[in-house]
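To start, the structure itself, in C-alpha cells.
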Amino acid sequence: MRKKLSLFATLCAFLLILSSCGTKLAAYDPKEPLGKQINYTITGIDAGAGIMLSTQKALKAYKLDKANWQLQTSSTAAMTSTLGKAIKDKRPIVVTGWTPHWMFTKYNLKFLKDPKNVYGSAENIHTIVRKGLKEDKPSAYEFLNRFNWTKNDMSSVMLAVNNGESPEKAAKKWISKNPDKVATWTKGIKKANGDKIKLTYVAWDSEIASTNVVSEVLKTLDYKPTIQAMEIQPMWASVATNAADGMVAAWLPNTSGIYYKDYKKDVEDLGVNLKGAKVGLAVPTYMKNINSIEDLK
Ligand code: PBE
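So, in C-alpha cells, the structure goes:
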C-alpha cells in the first residue's frame, strides 16, 4: 500500500512538472494575441542603454504602455540567452535588437517596422576622444581618427567571441587576417615608446569587439593600452573628464543621443567608425504575422 502510494505521488509530481512546463513552453500561436502569450513583456538589456530609453519612448508613442506592455531590464547576456531558448522551442519573444550583432547572424530574426520612427533610421558609430589627446598622444589620435571598419568586420569578431574565443584573441586574429585594412589605419604613424592609453567601453558585444581590436592595434603602435568596461554614463563622463583617453562606442544620432548632448562640449568627436548600424525591436521570423511595432497591440 505504501509503495503504491509513493508511486502515485511520484507520478503526480511528474505530471505536475510536465503540465507546468507545458504552459510555460507553449510555442508561438498566431491565433492568440501576442501580449497574452508573453505577459506583455519586451525582453531588454542594461538600463542605461540607448535602446532601452528608445524602447520606453516607443511604449508611449505606440500606446503600448496603456495596454500593459512593459520593458524588462536585464543584460545583453541574459537577453540573448532568453532569446536562444525561446527560439529553440519556437516560443514567442520580443527583444531589443541591434546590428551589427551575432544574434542576427545566428538566428533568423527580423526588425519590427517602426512607422513612428522612434528608433531613428540608420545609425553610425562614432569615435570620441578626450580634449587634448591630439597634443598629448598624437600617434594614438591619428590612428583613432582613421579607425573605421564595416558591419561585416565587426560581426566576424563578435561571432568568434560568441563561439568561445577570448575577445583579445579574436581581435588579434582579425587583425592578422586583415593586414591591408589595418595598414590604412596605421601607415606612417610614429611608434609611441610604451606610452599608456586608456579606453572605456560598455560590455555590449559590439563594443567588446571594436574596443579590443582598437586596443590590439594600439599595441602594434607601441602603446600600453588598458580597456575598462563600465556603464554608459560613466563611459561618457570618463572621456569628458580626461579620466580616459577615448572610446569607440557612440551610437549616433539617436541611440547615444542624450549622452552626446550632455557631453559633446567636453569631448572631441572624431566621426564615424562604422556606418549603417541599426537599433529596434526584433522578433524571430516564425512570428509571421508580427511585422510592425503596431502589431504588438
Ligand atoms: N546597443 C549597442 C547600445 C549601443 C550599442 C544598441 C545596445 C545602446 O546604447 O543601446
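Counting from 1, position 278 in the sequence shown corresponds to residue 296 in the working numbering; the numbering is continuous, with no gaps.
Heads up, the beta-carbon is just placed ideally off N, CA and C, and yes, glycines get one too.
Asked                                                                                                                                                                                      : Found
For the beta strand (DSSP E) containing Lys296, name the first residue and the last one.                                                                                                   : 285–302
Suppose the cutoff is 7 angstroms on Cβ atoms and the five residues either side in sequence are ignored; what does the same chain contact list for Leu77 look like?                        : Asp83, Trp87, Leu89
DSSP has Phe129 in a bridge; who is on the other side?                                                                                                                                     : Ala300
Starting from Lys103, follow the alpha helix (DSSP H) in both directions and report where the run begins and ends.                                                                         : 94–106
Enumerate in chain order the residues of its own chain whose CB-to-CB distance from Lys208 is below 7 angstroms, with the five nearest sequence positions on each side excluded.           : Ser157
Which residues in the same chain have their Cβ closer than 6 angstroms to the Cβ of Lys303, if we skip the five residues on either side of it in sequence?                                 : In the sequence on display, residue 303 carries Thr and not Lys. Correct list, in chain order: Asn126, Lys128.
Mind checking who Met265 pairs with in its DSSP beta bridge?                                                                                                                               : Ile146
How far does the beta strand (DSSP E) with Thr73 in it extend, from its first residue to its last?                                                                                         : First-last for Thr73: 68–79, but that is the alpha helix (DSSP H), not the beta strand (DSSP E).
With distance defined between alpha-carbon atoms, name the residue in Asp132, Thr117, Trp120 nearest to Glu312.                                                                            : Asp132
Straight-line CA distance for Lys49 to Lys306?                                                                                                                                             : 11 angstroms
Can you name, in chain order, every residue of its own chain whose Cβ lies under 6 angstroms from the Cβ of Tyr277, other than the five neighbours on each side?                           : Trp254
In whole angstroms, what is the alpha-carbon distance linking Thr273 and Asn142?                                                                                                           : 10 angstroms
What residues in its chain sit with their C-beta under 6 angstroms from that of Asp284, if we drop five residues either side in the sequence?                                              : Ala258
Would you give the residue range spanned by the beta strand (DSSP E) that Asp213 belongs to?                                                                                               : 213–219
Would you call the CB atoms of Gly264 and Leu217 closer than 8 angstroms?                                                                                                                  : yes
On a Cα-Cα basis, can you pick out the residue from Asn166, Val179, Arg164 that is closest to His119?                                                                                      : Val179
With a threshold of 7 angstroms (Cβ to nearest heavy atom), would Ala67 be considered close to the ligand PBE?                                                                             : yes
Which same chain residues, not among the five before or five after Asn260, have their C-beta less than 6 angstroms away from its C-beta?                                                   : Arg148
Can you tell me the Cβ-Cβ gap for Lys169 and Leu292, rounded? I've got them flagged as a contact below 8 angstroms.                                                                        : 7 angstroms
Assuming contact is defined by CB atoms lying nearer than 8 angstroms, are Leu130 and Ile245 in contact in what I supplied?                                                                : no
By the three-class DSSP mapping on this structure, what secondary structure does Asn307 have?                                                                                              : coil
Should Ser299 be labelled buried (16 or more other beta-carbon atoms within 10 Å of its own) or exposed?                                                                                   : The question names Ser, yet the displayed sequence has Leu at residue 299. Classification for Leu299: buried.
With a threshold of 7 angstroms (Cβ to nearest heavy atom), would Trp254 be considered close to the ligand PBE?                                                                            : no
What is the residue span of the beta strand (DSSP E) that Thr114 lies within?                                                                                                              : 113–117
Are Gly66 and Ile250 close, meaning C-beta to C-beta below 8 angstroms?                                                                                                                    : yes
Kindly list the residues whose CB is nearer than 8 angstroms to the CB of Gly40, restricted to its own chain and excluding five residues on each side of it in sequence; keep chain order. : Legend: pLDDT at Gly40 = 45, less than 50; position of this residue unreliable, no value from coordinates given.
With 16 other CB atoms within 10 Å as the buried threshold, where does Pro110 fall?                                                                                                        : buried
Could you pull the start and end residues of the alpha helix (DSSP H) that Pro156 belongs to?                                                                                              : 156–164
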